[in-house]
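Okay, so here's the structure we're looking at.
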Amino acid sequence: MTESATDRTAAPAAPGEPGTRPPGRTRGGRLTLREFTRNRLAVLGGGIIVFFVLFCFVGPHLYVTEQISVDPVNSMLPPGGGHPLGTDAQGFDVLGRIMKGGQASLQIGLLAALIATAIGTLYGTVAGLAGGLADAVMMRVVDTLLSIPFLFIVLIIATRFSSTVLSLSLTLGAFSWLAPARLVRAEVLALRSRGFVAAATVMGATKARIIVRHLIPNALGVVIVNITFQVADAIIAVSLLGFLGFGLNYPAVEWGTQLSKGVSSLLDGSWWLIYPVGGCLVLVVMAFNFVGDALRDSIDVRLRRR
99 MTESATDRTA
109 APAAPGEPGT
119 RPPGRTRGGR
129 LTLREFTRNR
139 LAVLGGGIIV
149 FFVLFCFVGP
159 HLYVTEQISV
169 DPVNSMLPPG
179 GGHPLGTDAQ
189 GFDVLGRIMK
199 GGQASLQIGL
209 LAALIATAIG
219 TLYGTVAGLA
229 GGLADAVMMR
239 VVDTLLSIPF
249 LFIVLIIATR
259 FSSTVLSLSL
269 TLGAFSWLAP
279 ARLVRAEVLA
289 LRSRGFVAAA
299 TVMGATKARI
309 IVRHLIPNAL
319 GVVIVNITFQ
329 VADAIIAVSL
339 LGFLGFGLNY
349 PAVEWGTQLS
359 KGVSSLLDGS
369 WWLIYPVGGC
379 LVLVVMAFNF
389 VGDALRDSID
399 VRLRRR
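Counting from 99, one number per residue, gives the positions in the sequence shown under this note's numbering.
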């Protein structure tokens with residue numbers, strides 16, 4: 099019997115083909131979401147992230163404080179009255195300062211993670227697809243850069259250029275792409291032997307098209323999981339820079355700088371300068387790690403049961 103046009107239209111296409119949906123993609127997505135929501139730590143982590151996004155970006159519009167001009171008269175006030183978390187040595191309201199610092203920390207963490215993941219994904223995909231000598235050389239470059247102390251390079255750049263949200267994000271992202279590159283390369287090495295890559299090659303697809311339309315979309319699971327860990331790492335890194343005195347320039351602030359200034363006053367009993375901001379930093383980093391672990395486990399379950 100001759101195959102009808104409807105039958106030809108309904109025939110499944112290879113995974114990664116434009117305009118088609120690979121078999122099991124919808125079911126795999128539902129399974130991933132179900133496994134993720136079953137993880138209580140993942141739900142807790144997601145709730146913490148949402149809370150801090152609202153706290154840092156919406157909170158300043160509801161709890162308005164002065165965060166530019168110093169107020170020596172009202173410096174070092176303990177929590178109470180009009181200052182729920184007291185004031186610091188410059189007279190800034192600590193609660194408002196934590197909101198302002200959280201904005202910068204989250205912005206730098208997310209932007210640095212996106213930059214690092216974008217560079218690492220492209221580099222790892224090219225290396226994995228190329229294979230042979232090109233792959234070996236590209237991976238030796240990664241190994242060489244990994245042997246260089248990350249913090250040492252970042253400190254040199256931070257002392258040479260003025261620290262802003264954009265500059266710190268670019269600096270951290272430019273030196274954090276190595277781990278994503280290795281992860282994506284390993285995924286591409288497994289994907290390039292799949293039938294849809296061979297079919298695209300036979301049909302005359304260029305390597306650029308194979309990378310953009312086939313390999314990267316099918317490696318998105320690894321990429322998305324990596325972003326969550328990259329955000330946590332970037333927040334820790336920028337906080338460390340701020341703690342060492344290489345953070346954002348006044349009047350901008352991030353949590354690391356607040357911790358650095360609060361440590362000197364801790365022995366004087368001014369606990370409100372370090373414990374609240376330290377708790378926020380720990381909670382945010384912990385939340386991103388919870389979400390990353392849950393995403394990784396969910397994607398593994400999807401691949402195993404698909």
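For glycine and all other residues, C-beta sits at the position ideal for the given N, C-alpha and C.
These figures come from a predicted structure and were not determined experimentally.
Exposed or buried, what is residue i when buried is set at 16 or more other beta-carbons lying within 10 Å of its beta-carbon?
i, result
"H159", "exposed"
"L131", "exposed"
"A176", "Correcting the residue type first, residue 176 is Pro in the shown sequence and not Ala. That one is exposed."
"S362", "exposed"
"A225", "buried"
"V310", "exposed"
"R280", "buried"
"I206", "buried"
"P278", "buried"
"S325", "Per the sequence shown, residue 325 should be read as Ile rather than Ser. It is buried - the Cβ of I325 has at least 16 other Cβ atoms within 10 Å."
"R119", "With a pLDDT of 46 at R119, under the threshold of 50, the modelled position of that residue is not reliable, and the figure given next carries that caveat. Classification of R119: exposed, given that the 10 Å Cβ count is below 16."
"D186", "buried"
"I147", "buried"
"G302", "exposed"
"L405", "For residue 405 there is no data in the structure shown, the boundaries of the chain being 99 and 404."
"Y221", "buried"
"G293", "exposed"
In whole angstroms, what is the alpha-carbon distance linking residue i and residue j?
i, j, result
"I196", "C154", "8 Å"
"P315", "G180", "52 Å"
"F388", "G143", "6 Å"
"V380", "L270", "20 Å"
"A140", "I334", "20 Å"
"S291", "A234", "18 Å"
"S274", "A214", "5 Å"
"E285", "F344", "36 Å"
"G122", "A297", "Any reading at G122 must be qualified, since the residue scores a pLDDT of 48, below 50, and its modelled position is unreliable; the value itself is stated next. Computed Cα separation, rounded: 19 Å."
"L342", "L289", "43 Å"
"T304", "M237", "23 Å"
"G367", "Y161", "26 Å"
"V263", "A256", "12 Å"
"S167", "A332", "29 Å"
"F248", "T219", "19 Å"
"V300", "I217", "28 Å"
"I246", "M384", "27 Å"
"V171", "I372", "21 Å"
"E352", "L253", "16 Å"
"D169", "I397", "51 Å"
"G178", "G377", "19 Å"
"L338", "L208", "16 Å"
"I308", "A272", "25 Å"
"T242", "V295", "31 Å"
"S265", "F250", "16 Å"
"R258", "A306", "37 Å"
"A232", "G145", "44 Å"
Measure the beta-carbon distance from residue i to residue j and round it to whole angstroms, keeping in mind my assumption that it falls under 8 Å.
i, j, result
"G184", "W370", "4 Å"
"S173", "Q188", "6 Å"
"G340", "G360", "Rounded, the Cβ-Cβ distance is 11 Å, inconsistent with contact."
"S267", "A210", "5 Å"
"F386", "A330", "4 Å"
"V336", "G390", "About 18 Å; that fails the 8 Å criterion."
"V375", "L357", "6 Å"
"F134", "L393", "7 Å"
"N137", "S260", "That pair is no contact at about 42 Å."
"L276", "V240", "5 Å"
Where do the N-terminal and C-terminal ends of the alpha helix (DSSP H) with residue i fall, by residue?
i, result
"R292", "Note, R292: premise wrong, no alpha helix (DSSP H); not H, not E."
"I146", "138-155"
"S265", "263-272"
"T327", "In the sequence under discussion, the amino acid at residue 327 is Phe, which differs from the Thr named in the question. Per DSSP, F327 belongs to the alpha helix (DSSP H) from 318-341."
"D241", "230-244"
"R307", "305-308"
"T355", "353-364"
"F248", "248-258"
Going by Cα to Cα distance, which pick from the options is closest to residue i?
i, options, result
"Q328", "V168, L212, R311, V171", "L212"
"T223", "L318, F150, D395", "L318"
"L313", "V300, R283, S337, A272", "R283"
"L287", "G230, V168, Q165", "G230"
"E164", "D191, P182, I146", "D191"
"L152", "D395, L276, V382", "V382"
"D395", "L220, I372, V320, A272", "V320"
"K198", "G178, G157, G218", "G157"
CB of residue i to nearest heavy atom of the ligand GTP: below 7 Å?
i, result
"S363", "Absence of the ligand GTP from the depicted structure is noted, as is the absence of any ligand whatsoever, leaving it without description."
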